[in-house]
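Chains H and S, in that order, are what the protein sequence lines are.
Going by the UniProt record's numbering, the residue at position 113 of the first sequence is 113; the numbering climbs one at a time, nothing skipped.
Going by the UniProt record's numbering, the residue at position 112 of the second sequence is 112; the numbering climbs one at a time, nothing skipped.
C-beta: ideal position from N, C-alpha, C; glycine also.
Protein chains: 2
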Amino acid sequence: MFGDNSCPPPCNTLGFLQKNNSLDDKGRLAGQKNLLSCDNSDRDARFRLTETDFSNLFARGERHPLTRHIKNTSSFTGAAGVTLVSVSLVGIKSTEGLYLLPAKNGEEPTIQFLLEMVDILTNYVKKTFDRSTKVLDFHHPHQLLEGMEGFNLELSDQPESLEQILVDCRDTLKYGVRTGHPRFFNQLSSGLDIIGLAGEWLTSTANTNMFTYEIAPVFVLMEQLTLKKMREMIGWPDGEGDGLFSPGGAISNMYSVMIARYKYFPEVKTKGMSAAPRLVLFTSEHSHYSIKKAGAALGFGSENVILLSTDERGRVIPADLEAKIIDAKQKGYVPLFVNATAGSTVYGAFDPINEIADICEKYNLWLHVDSLVKQPQYIKTYIKLCRANSVTWNPHKMMGVPLQCSAILVREKGIMAGCNSMCAGYLFQPDKQYDVTYDTGDKAIQCGRHVDIFKFWLMWKAKGTIGFEQHIDKCLDLSQYLYNKIKNREGYEMVFDGVPQHTNVCFWYIPPSLRGMPDGDERREKLHRVAPKIKAMMMESGTTMVGYQPQGNKVNFFRMVVSNPAATQSDIDFLIDEIERMGNDL
Amino acid sequence: MFGDNSCPPPCNTLGFLQKNNSLDDKGRLAGQKNLLSCDNSDRDARFRLTETDFSNLFARGERHPLTRHIKNTSSFTGAAGVTLVSVSLVGIKSTEGLYLLPAKNGEEPTIQFLLEMVDILTNYVKKTFDRSTKVLDFHHPHQLLEGMEGFNLELSDQPESLEQILVDCRDTLKYGVRTGHPRFFNQLSSGLDIIGLAGEWLTSTANTNMFTYEIAPVFVLMEQLTLKKMREMIGWPDGEGDGLFSPGGAISNMYSVMIARYKYFPEVKTKGMSAAPRLVLFTSEHSHYSIKKAGAALGFGSENVILLSTDERGRVIPADLEAKIIDAKQKGYVPLFVNATAGSTVYGAFDPINEIADICEKYNLWLHVDSLVKQPQYIKTYIKLCRANSVTWNPHKMMGVPLQCSAILVREKGIMAGCNSMCAGYLFQPDKQYDVTYDTGDKAIQCGRHVDIFKFWLMWKAKGTIGFEQHIDKCLDLSQYLYNKIKNREGYEMVFDGVPQHTNVCFWYIPPSLRGMPDGDERREKLHRVAPKIKAMMMESGTTMVGYQPQGNKVNFFRMVVSNPAATQSDIDFLIDEIERMGNDL
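Written out as structure tokens, the structure reads:
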């Protein structure tokens, strides 16, 4: 039917065009927008779907959900500014009728489909930043598995129509969590940066692989330049050194341990751990569990990851490190590696890098810094990152870059290739016409490697270094605001004294029923259950989310982190109000 | 200036509306589309950018690149079907004037910006499938680093305007490689699946993390159901078992080695490799280098990854495996793990899984299968995947899912948590209100884990199992077509005899100057240089891309793989024509 390329696609023969759009109408449309923004319609639409008769586009002579949906919403004229006149997707089937690209005549339905998707996504983006929407619409696993309002997660042998696919996409977002919502404080990776988002869309569209310059020339160079810039900010001379973007901070930390081992015992690469003495690693009892995981995975054994004691603020006590190094040596172990944390997960603590670096130099150990944040004022105040042998730097945390975006940075140039390369001839041919030192794949433990650099590069371009700094400053200010608000407030106890070192504010909410109770097991047990209960209520009401956890002998407490650029003081106020509202009767 | 929320955003006051769009115009627009598709304009635009006076939107009183661009292109009326009337982004600054969300009044510029980006991306998608466009516009690293036509890769402290950001995005795509182009055959991960692309856009917009059900409820369940479905297809009873999506096949293979070690020597997790005897791993000399990398990383040592001999078709010789197991045992090593490959990287060879499984059972070894493809006919013909203890399955290869999408599947339930969990209380609280067995994070070696499932789930919904099978069948047919075309053609020699087991077709092109030359070192040396030279010419002309490599004692040959759904017989013909055109005078 549509085999003739010169024939306009059948969609063009429909009545899809927008009427009455002239300059004279701008006031009307603008007015309508205000009307629309007051109702709770699901489609405060940027795109206008016209009242088209779709019946001749039905491939199977039946009405599909999307049709009804369009019929219901087509009376909305879109907000002014941009108007999209769209033909319906009804009738675009994967199995019959029109097909998507690369099919012949697939361009029209493809663009239509993508624009419908963008309509869904831009609506989601708008709602994400809208405080009148919920952070989440919580359901238990069994509820979602049973199929919420026809949302069927099961896969089948037969294809679904594209209308259903779009419905599936709406449902996926509907039952998900808005991690960019101004009141989502659950994780340090929060917020929805628009430039980062656009960068990810481009990355997906380019759909390539970082392993060779050959198929990712621009991205490989962006990675190289960005890593150099990051090394300059760390303070290594001329930004020289090595590095890669890896799929997350845990893998970056794992790289650091592998590289340290290769530096001191290169024969382990070929001969295994039996070629080395019994090695031990050191990290804070407050550090991220990934160092322990790396120790287990790489063959050191988790027991040989020795945990360092911390002060009341969660910072490693340097004397404890030195004592444990000496102790390990006396027991016949060989200390290899120290992980220092610049911004610990729970307390946001900064280990005293300078003192730790002194000890590492004295005992000839590799110093890695697992760094939450790169910010000049922190470098001055707490840390001398340049003294590290390697640094994990996660732009997907405080810098607000979409997940995944983590870099491992190493001071010694060329060591990653030494550590990891296997010289697979089928991938990394030495006889290419370009400078193959740009092929980075062989220094990774991955083969295919996702393009994580572009969104970060694009955000850096759009914000400048200064923009990242302003963002982090704003988050720190908000944390300070929270700290000041609750430190002396009735019903709150801080987990540690003094101003937090980073955005982390750790506190207990004490319900009225516990306020007069003397300290002891009963109170501890009751208090331990308060944060989980409040959190469950938050999730079920969908109003906000904040993390909690125990730490050492401290019962469950809230850990507030701020990294979301959408958050304001009013959101902090809201969180406190919610905690008190929910916790008052516990 | 725009501080009043009730006031329509200033963009609305512009003359942006499309004129003369009525039902009567559909023919004219449709006709124009045909006209447009004959010209080589950069903007065979889906979106219509109107001839708006943008001067009052300049924040800094100067013209920016995007303005000129819009001025230049605004005379194009868009293709029929969808028309987007867009206001310009000029004047939307990160530093002054309007701001993107989460700024007040940021909704309008945000949606505008995202739609501009979508315009760029949909144009790229169209060109990707257009055979009249190049696969790539090759430049050497130093050329791109010097800045092509103002494309500046360097980062700075100060922000760039959003116009410049959009120009940067266009340039990024311009100097990249179109991995979805019908004539891109360079890697097995090729093609641009529209559903997969849409899925990635949604994933980016949702921007969450797989580690807990709490913040990724829908995605966690999709992963669980999809993994179960995959295990059912492998043939494990009731689809029971374990698994995860990981950032690529190399990491999936690494998981398999870790899990095997944990199964036989669980104490290694805590005590390190010194708690185990000296372990050896086996894999084909033709297998992916990731097994060797895993051996090096995990502390076995790459020398303890023993390479198995293959037959002339690149398949492991089972007797060689058994001999090497016996030999290792005699030397005091403990054989632990065998990797069998179902679809090797270069030859596309399928190791004889059944015989290998027999040997693994006899000697009590872990059998892992690194599987290129999951397809019923292959399971019947070559492989009994269900006999494996673990399987790597990469949907980003033959199934055409965008990178990254790889799963590690394990027959034994619960073993991944046993192997990897560290029970970090700050992340995986046991006292949540929902069933925390859905929190998958602690069985991964990653902490943050990117959502790789959604695009795959969505493609599976849209295509059905049947759609994936049809796609793979089509790729196999095309490879067969290529094989039949060149097997007896003058100037071609096949690297191995017989019909390829998979889509891989490995061949030498023999230029006329070498055709009469007797075999020997001189011919081998010259032939070794032919494929790199042709490949360089391909890249410089930008017409097509295909991989080459040496293998063992075989000099450089072309390895053709077909996984791109856009490829047709005419593209195979084109490739052969190009090779002959470029190679004729070598």
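The DSSP-derived three-state label of residue 493/S is strand.
Against chain S, the CB of residue 475/H has no partner CB under 9 Å away; the residue lies outside that interface. Membership of residue 547/S in the beta strand (DSSP E) is indicated by the continuous run 545 to 551. Residue-level contact by beta carbon fails for residue 105/H and chain S, as no gap is shorter than 9 Å. By the beta-carbon neighbour count (other beta carbons within 10 angstroms, threshold 16), residue 142/S is exposed.
The shortest CA-to-CA distance from residue 158/H to any of 463/S, 158/S, 548/S is the one to 463/S. For the region 187 to 273 of chain S, the continuous alpha helix (DSSP H) assignments of 4+ residues that do not extend past its boundaries occur at 194 to 206, 217 to 234, 249 to 264, 268 to 271, in sequence order.
Under the 10 Å beta carbon count, residue 569/H is surrounded by fewer than 16 other beta carbons and is classified as exposed. Residue 262/S is positioned such that its CB atom lies no closer than 9 Å to that of residue 244/S. With the rule of 3 Cβ pairs closer than 8 Å, the region 303 to 310 of chain H does not count as touching the region 222 to 236 of chain H. For residue 554/S, the uninterrupted beta strand (DSSP E) run begins and ends at 554 to 560, by DSSP.
Chain order gives no chain H residues near residue 393/S, where near means a beta carbon separation below 8 Å; the closest approach is about 14 Å. Taken residue by residue, none of the region 352 to 365 of chain H has a beta-carbon sitting less than 8 Å from a beta-carbon on chain S.
9 Å or more divides the Cβ of residue 128/H from the Cβ of residue 196/H.
Counting only Cβ-Cβ distances below 8 Å, residue 565/H has contacts in chain S at 102, in chain order. Contact with chain H is absent for residue 525/S, since none of that chain's Cβ atoms lies less than 9 Å from the residue's Cβ. If you draw a 10 Å sphere on the C-beta of residue 240/H, you find fewer than 16 other C-beta atoms in it, and that means exposed. In chain order, 239, 241, 409 place their CB closer than 6 Å to the CB of residue 231/H, counting only its own chain and leaving out the 5 sequence neighbours on each side. Under the rule that a run must span 4 or more residues, the alpha helix (DSSP H) segments found entirely inside the region 140 to 195 of chain H read 141 to 146, 162 to 174.
Pairing residue 510/H with residue 297/S gives a Cβ-Cβ distance that is not under 9 Å.
By the rule that beta-carbons nearer than 9 Å mark a contact, residue 386/S does not touch chain H. Under the three-state reduction of DSSP output, residue 577/H falls in the helix class. The count of Cβ pairs closer than 8 Å, one atom from the region 270 to 285 of chain S and one from the region 411 to 427 of chain S, stays below three, leaving the stretches out of contact. Under the criterion of beta carbons closer than 8 Å, residue 279/H and residue 291/H do not qualify as touching, at roughly 13 Å. Scanning its chain for C-beta atoms nearer than 7 Å, with the 5 sequence neighbours on each side dropped, one finds around residue 209/S the residues 215, 216, 448, 449, in chain order. For residue 507/S, the closest Cβ of chain H is not nearer than 9 Å.
Chain-order list of chain H residues neighbouring residue 124/S: 205, by C-beta distance under 7 Å. Here residue 346/S carries a coil assignment [DSSP, helix/strand/coil]. Closer than 9 Å to the CB of residue 503/S there is not a single CB belonging to chain H.
As computed with DSSP, residue 509/S is found in a beta bridge with 492/S. Per DSSP, residue 407/S lies in no alpha helix (DSSP H); the unbroken beta strand (DSSP E) holding it starts and ends at 406 to 410. For the pair residue 332/H and residue 398/H, the CB atoms are not nearer than the 9 Å cut-off. When Cβ-Cβ separations below 9 Å define contact, residue 171/S makes contact with chain H. In the same chain as residue 192/H, and ignoring 5 residues on each side of it, the C-beta atoms closer than 6 Å to its own belong to 128, 180, in chain order.
Judged by DSSP secondary structure, residue 372/S falls outside any alpha helix (DSSP H); it is assigned neither H nor E. Between the beta-carbon of residue 367/S and that of residue 357/S there is about 6 Å, and that keeps the pair under the 8 Å contact cut.
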